[in-house]
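Below is one structure; the comments refer to it alone.
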Amino acid sequence: MCVRLANKGYYHPLANVWKALFLSENKRYHVTAWTLVEVVKGRCNAKGFFEKKVSRVLVTAVETDDIDVIHRLLDVVLHLEIETCYGTVLSFLLEFYCDGNDLDNVQRTFAHAQERRVELNPVTFYRYTCFLSSHGIQIPREVLLAKYKMDQRQSSKGSGIKFKF
């Protein structure tokens with residue numbers, strides 16, 4: 000039935016069904032939700048409907064304090080290649096790890112964001128640098144340059160540097 004809905008272009012009801020299955024506590028429904036993602040993969044029109052659901056799923060994950068939902072949502076966003084949501088989902092994931100005081104996963108998540116050249120939420124970026132400082136870890140120079148929106152040439156001059164924050 001879902002394939003027929005996708006073939007006819009009825010993505011709005013399909014995205015609503017996906018969200019209900021995705022947020023369910025029943026793990027079998029998660030498989031069905033992933034099947035729906037597979038059905039719409041490659042259909043440009045479907046991305047917009049799933050993109051609209053991302054923010055509501057993130058709010059639900061924060062309300063229920065469920066990091067598993069954010070991990071699964073990141074898989075969906077990467078699989079459907081919804082680039083506009085990369086930063087939002089990775090920012091939420093990074094904040095979850097900062098709140099949980101999980102240094103290894105914080106560093107892995109930030110490295111993943113840098114590899115994909117994802118721009119994180121400025122508040123999350125600030126929390127990340129504060130998290131590193133609170134653990135006594137020196138913040139890498141590249142991270143500081145990105146934080147204060149400077150390029151390498153400006154930082155090499157050394158005199159009269161004005162930070163934009």
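Just so you know, numbering that gives the first Met the number 0 puts the end of the sequence shown at 164, numbered straight through with nothing missing.
Ideal Cβ placement from N, Cα and C applies to all residues, glycine included.
Exposure of residue i, with buried meaning 16 or more beta-carbon neighbours within 10 Å
i: S23; result: exposed
i: V75; result: buried
i: C84; result: buried
i: E94; result: buried
i: T123; result: buried
i: A14; result: buried
i: S158; result: Residue placement at S158 cannot be trusted, given a pLDDT of 49 that sits under 50; what the coordinates show is reported in the next sentence. Exposed is the call here.
i: A32; result: buried
i: A112; result: buried
i: K46; result: buried
Collapsed DSSP secondary structure at residue i in the structure displayed
i: Q137; result: coil
i: R3; result: helix
i: N25; result: coil
i: I81; result: coil
i: R107; result: helix
i: E118; result: coil
i: N15; result: helix
i: Y9; result: coil
i: G99; result: coil
i: Y125; result: helix
i: D74; result: helix
i: D67; result: helix
Limits of the unbroken alpha helix (DSSP H) element including residue i
i: K40; result: K40 -> no alpha helix (DSSP H), and no H or E assigned at all.
For residue j and residue i, the rounded distance between their alpha carbons
i: Y9; j: V88; result: 26 Å
i: H134; j: Y125; result: 14 Å
i: E118; j: L35; result: 28 Å
i: D65; j: N44; result: 29 Å
i: A19; j: Q137; result: 43 Å
i: E141; j: N100; result: 23 Å
i: N104; j: Y96; result: 6 Å
Whole-number beta carbon distance between residue j and residue i, since they are thought to touch under 8 Å
i: F49; j: L73; result: Not a contact, Cβ separation roughly 13 Å.
i: H29; j: R71; result: 7 Å
i: L92; j: T108; result: 5 Å
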